[in-house]
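Heads up: the structure comes next, in structure tokens.
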Amino acid sequence: MRQHSDVHEVWQRNFYERIIRNENELNGIREYIQTNPAQWEQDELHPLRTIKS
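First residue of the sequence shown: 3, per the working numbering; consecutive thereafter.
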């Protein structure tokens with residue numbers, strides 16, 4: 003049980019695991035990982051964002 007260990011200190015809030023079931027799903031995840039950083043400046047939660055929607 004987590005209450006009897008330090009494991010709770012490494013858990014990330016709002017994090018979940020996902021099973022990759024096929025090649026198409028894997029390719030979609032790869033594309034997301036490669037292209038997502040380019041979207042950060044447009045994200046409304048970006049601390050330095052100047053464009054308001």
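We put the CB at the ideal spot given by N, CA and C, even for glycine.
Are Arg51 and Gln41 closer than 9 Å when you measure CB to CB?
No, these two residues do not count as a Cβ contact at 9 Å.
Going by beta-carbon coordinates alone, are Ile31 and Ile21 separated by less than 9 Å?
Not closer than 9 Å, so no.
Which of the three DSSP states is assigned to Glu19 in this structure?
When DSSP states are grouped into helix, strand and coil, Glu19 belongs to the coil group.
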